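For reference, the structure is listed below as structure tokens.
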Amino acid sequence: DYYGLSIFTLICCCLPVGVAALIFSYEVQSANAIGDVPRALKASNRAKILNYVALVLGAFCWMLVSNH
27 DYYGLSIFTL ICCCLPVGVA ALIFSYEVQS ANAIGDVPRA LKASNRAKIL
77 NYVALVLGAF CWMLVSNH
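Under my numbering, the first residue of the sequence shown is numbered 27, with each subsequent residue one higher.
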């Protein structure tokens, strides 16, 4: 799962997208706990995509702020 990365993106990059990624990361853990592998894989993929989006948005915002 992408729990650690989700916390990082939540704090450092993009709060709204980071929250969504954290929710899907938690869903991965919950699905794995009950043995629901397809649901865990789907949630993991969503968490990964959201984390990448948050990283890109965070980098973009840092570039905007640093240019002013």
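The beta-carbon is built from N, C-alpha and C at its ideal position, and this holds for glycine as well.
The structure presented is a predicted model; accordingly, all values stated were derived computationally and were not measured.
Per DSSP, N93 lies in no alpha helix (DSSP H) segment and is marked neither H nor E.
C87 sits in a helix when the DSSP states are folded into three classes. For C39, the three-state secondary structure derived from DSSP is helix. Non-local beta-carbon contacts of I37 in its own chain, meaning distances under 8 Å to residues more than five positions away in sequence, involve G44 in chain order.
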